[in-house]
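Input: a single structure, listed below in structure tokens.
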Amino acid sequence: MKWISDTRGKVGGGVLAALIGAGIPAIVGAALDGPEPEPYRETRLYFGTDRPGGLPPVTEQEFTRFLDREITPAFPEGLTVLDGVGRWRAGDGAMIREQSYEVVLLYPEKDAGVRSVRIERIRSAYEQQFAQDSVGRSDDKVTADF
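Under this note's numbering, the first residue of the sequence shown carries the number 1, and numbering increases by one thereafter.
Written out as structure tokens, the structure is:
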């Protein structure tokens, strides 16, 4: 008696198992990844609290009131406020150390032009209201997903 082996079923089943095995992790990975992050702009504003001429520093209550009246209405989607200590060299060479606040704003890159106008209004208002030389600003292009 002669044995004849047909391996087509075994080979086909092995290929099918390999394809399924490779495809399941890809499908699961795609489902867990979620949507692609969108291009955003991150702006950080640096608010000092020292005032010239011996005036008392900007208090936490004054800054909170400014935040509530000027910044939050311009960025109602949300923002982050961090406490800090700023250091900078004055024109006379003295090293100045002051309490400061850092405000982090995230907004869609497509809205950067309109948002920049709002940010400049905020900077100008703080400088005028609290006799500041400047409010620092940094901008970065980032991606974000909420």
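Think of the CB as a built atom: it goes at the ideal place given N, C-alpha and C, for glycine as much as any other residue. Only a predicted model underlies this, so the values are computations on that prediction, with no experimental measurement involved.
Proximity to residue i [Cα-Cα], best of the options
| i | options | result |
| --- | --- | --- |
| D50 | D140, Y107, Q132 and F146 | Q132 |
| M95 | G34, V104 and V85 | V85 |
| V135 | F146, D145, E120 and A112 | E120 |
| S138 | E109, L105 and Y126 | L105 |
| V147 | A90, W88 and T64 | There is no way to answer for residue 147, as the model of the chain reaches only from 1 to 146. |
| E102 | V114, R89 and D83 | D83 |
| E70 | D140, R118 and R41 | R118 |
| A112 | E60, G78, A125 and D140 | D140 |
| F75 | G54, F66, Y107 and G53 | Y107 |
| Q128 | L79, G93, F66 and V114 | F66 |
Counted within 10 angstroms of its Cβ, other Cβ atoms place residue i as buried (16 or more) or exposed
| i | result |
| --- | --- |
| T43 | buried |
| R123 | buried |
| G48 | buried |
| R41 | buried |
Expected contact under 8 Å - CB spacing of residue i and residue j to nearest Å
| i | j | result |
| --- | --- | --- |
| Y46 | S116 | Their Cβ separation, rounded to whole angstroms, is 16 Å, which puts Y46 and S116 out of contact at 8 Å. |
Contact check, residue i vs residue j, beta carbons under 7 Å
| i | j | result |
| --- | --- | --- |
| T143 | P56 | no |
| V58 | F146 | no |
| E109 | P35 | no |
| R97 | R89 | no |
Inset, instruction - Ignoring anything shorter than 3 residues or poking outside the region 34 to 58, list the beta strand (DSSP E) runs there in chain order. - result: 38 to 48
Inset, instruction - Output the residue ranges of the beta strand (DSSP E) runs that lie fully inside the region 61 to 118 and measure 3 residues or longer, sorted by chain position. - result: 80 to 89 and 95 to 108
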